[in-house]
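The structure is reproduced here in structure tokens:
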């Protein structure tokens with residue numbers, strides 16, 4: 001049985017894992033985060049939405065809203081954290097203060113709501129899983145950015161701004177706005193994994209008692225080792241604001257592992273997804289995968305990927321220019337300064353923004369079409385390889401925190417297509 005703990009949306013990592021479960025002929029069960037009405041009320045899916053979701057998943061969805069986070073929760077008649085953020089302005093947000101006692105109450109309400117719904121989901125799920133079955137719980141919940149206009153404007157400057165439009169990520173994190181967002185990230189991206197492991201204890205114990213195995217996977221990000229020059233070196237996108245929540249996710253897996261529970265966070269490479277597109281430049285490491293494909297005994301298939309990438313660019317020979325630009329990017333003192341694993345997640349800087357966003361924009365401009373980018377093609381390959389690697393690893397995982405670096409991604413792809 002494959003249980004997707006998160007919803008399956010457009011393009012993203014979960015698709016690779018779900019495809020593996022389908023190919024293996026597993027029974028697939030999903031959950032929903034529910035939907036918000038215009039007044040903020042959380043509701044289950046309509047019959048139409050449920051049918052579309054189940055067709056997309058290829059399995060049954062338990063229709064109880066499991067929306068994580070607390071940005072839309074509050075005691076009746078009081079403002080939600082999102083409404084509190086609505087009072088912040090672009091001129092004063094760095095100094096504006098929030099009522100932390102009220103936010104703590106909202107957080108308690110949000111967590112209690114989530115755990116109550118989760119108990120309901122697990123009771124239903126328990127009745128769907130026969131004795132002796134193996135159960136693979138795949139956690140895919142991430143995010144937690146409140147829908148506040150002021151934050152969207154600031155985020156554009158933090159993640160996309162260069163020159164005088166650049167905004168320091170550290171100034172954001174030092175503000176009350178930033179502190180609230182980090183709390184919400186913790187609840188959505190990390191604590192939900194702990195709630196899942198805890199709430200599924202009865203299912204886990206029954207399955208194991210009757211001869212089955214239970215494992216848990218979650219998607220992390222903590223930088224990636226890619227081919228820089230002639231060796232694989234760790235690098236990262238900065239500032240990865242969700243990094244604190246992703247490290248918390250790792251600690252939750254480590255704590256479960258110490259109790260004999262197979263819970264593993266897979267730290268995956270940078271790709272382009274619907275949610276990562278705000279992080280301009282996050283896609284730059286993908287180009288190095290082309291070199292890794294050749295390095296890891298790549299044959300005709302690897303060469304075909306190079307050719308497919310060449311054809312997406314508007315000029316002959318442009319791929320060589322792109323690859324040189326990437327090599328130059330990683331050779332800069334700025335990027336070398338960001339190679340400090342122990343200091344992760346480091347704040348952004350004016351120098352990094354100008355370099356990274358500039359490279360990203362220039363490379364996108366070299367394509368024939370903005371809607372058909374090399375990084376889209378390479379992202380799909382990473383999703384495919386990571387799904388296969390995670391699926392295979394999960395029956396006997398080697399540890400609670402594993403990195404899917406470009407060397408094993410490339411080896412997996414060459415093997416699958418060789």
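Residue numbers (the numbering used here): 1 to 418. All C-beta atoms in this analysis are idealised placements derived from N, C-alpha and C, irrespective of residue type, glycine included.
For residue 217, report the span of its beta strand (DSSP E) as first-last. 214–220
Limits of the alpha helix (DSSP H) - the one that residue 252 falls within: 243–258
Go ahead and pull the three-state DSSP assignment for residue 237. coil
Hey, residue 301 and residue 414: beta-carbon distance below 8 Å or not? yes
Drop a sphere of 10 angstroms on the beta-carbon of residue 230, count the other beta-carbons inside from all chains shown, and report buried for 16 or more, exposed for fewer. exposed
Can you give the Cα-Cα distance for residue 375 and residue 386, rounded to whole angstroms? 16 Å
Flag this pair as yes or no: are the beta carbons of residue 211 and residue 132 separated by less than 8 Å? yes
Cβ-Cβ distance between residue 147 and residue 192 below 8 Å: no
Return the chain-ordered ranges of every alpha helix (DSSP H) run that is complete within the segment 108–172 and spans a minimum of 4 residues. 149–160
Would you kindly work out how many angstroms separate the C-alpha atoms of residue 377 and residue 241, rounded to a whole number? 26 Å
The segment 133–146 contacting the segment 1–19, beta-carbon criterion three pairs below 8 Å: yes
Between the C-alpha atoms of residue 472 and residue 188, what's the straight-line distance to the nearest angstrom? This structure cannot settle anything about residue 472, because the visible part of the chain is limited to 1 through 418.
Distance between residue 220 and residue 270 (C-alpha atoms, nearest Å): 11 Å
Who are the near neighbours of residue 67 in its chain, counting only those whose CB is closer than 6 Å to its CB and skipping five residues on each side? 33, 34, 42
Between the alpha carbons of residue 56 and residue 62, how many angstroms are there, rounded? 14 Å
Beta strand (DSSP E) runs contained entirely in the segment 23–51, provided each spans 3 or more residues: 28–32
Looking only at its chain, what residues have a beta carbon closer than 8 Å to the beta carbon of residue 359, apart from the 5 residues adjacent to it on each side? 281, 284, 325, 326, 329
Do residue 317 and residue 252 count as a contact pair if the criterion is CB distance below 8 Å? no
Figure out for me which residue from 389, 399, 162, 237 has the closest Cα to the Cα of residue 260. 399
Member of 120, 180, 171 whose CA lies at the smallest distance from the CA of residue 84: 180
CA-to-CA distance, residue 391 to residue 97, given in whole angstroms: 45 Å
DSSP three-state assignment for residue 266, whether helix, strand or coil: strand
State the start and end residues of the unbroken beta strand (DSSP E) segment that holds residue 469. With the chain covering 1 to 418 only, the question about residue 469 has no answer from this structure.
From residue 150 to residue 209, what distance separates their C-alpha atoms? 52 Å
By alpha-carbon positions, which one of 372, 340, 357, 388 ends up nearest to residue 161? 357
What does a CB cutoff of less than 7 Å around residue 65 pick up in its chain, not counting 5 residues either side in sequence? 32, 33, 34, 42, 43, 44, 117
Boundaries (first-last residue) of the alpha helix (DSSP H) holding residue 60: From DSSP, residue 60 is part of no alpha helix (DSSP H) but of the beta strand (DSSP E) over 60–65.
Here's the rule I'm using: 16 or more other beta-carbon atoms within 10 Å means buried, otherwise exposed. How should residue 114 be labelled? buried
Please list the terminal residues of the continuous alpha helix (DSSP H) segment that includes residue 408. 406–417
Please report the straight-line C-alpha distance between residue 421 and residue 25, rounded to a whole angstrom. The requested residue 421 does not occur in the structure, where the chain is confined to residues 1 to 418.
Same chain only: Cβ atoms within 7 Å of residue 153, ignoring 5 sequence neighbours per side: 90
Take every Cβ of the segment 13–27, pair it with every Cβ of the segment 223–238, and state whether three or more of those distances are shorter than 8 Å. no
DSSP state of residue 224, grouped into three classes? strand
Using only alpha-carbon positions, find the residue among 277, 323, 345, 355 that is nearest to residue 333. 355
On the premise that residue 175 lies in contact with residue 46, defined as a C-beta separation below 8 Å, what is that separation, rounded to the nearest angstrom? Contact flag wrong, Cβ pair sits at about 39 Å.
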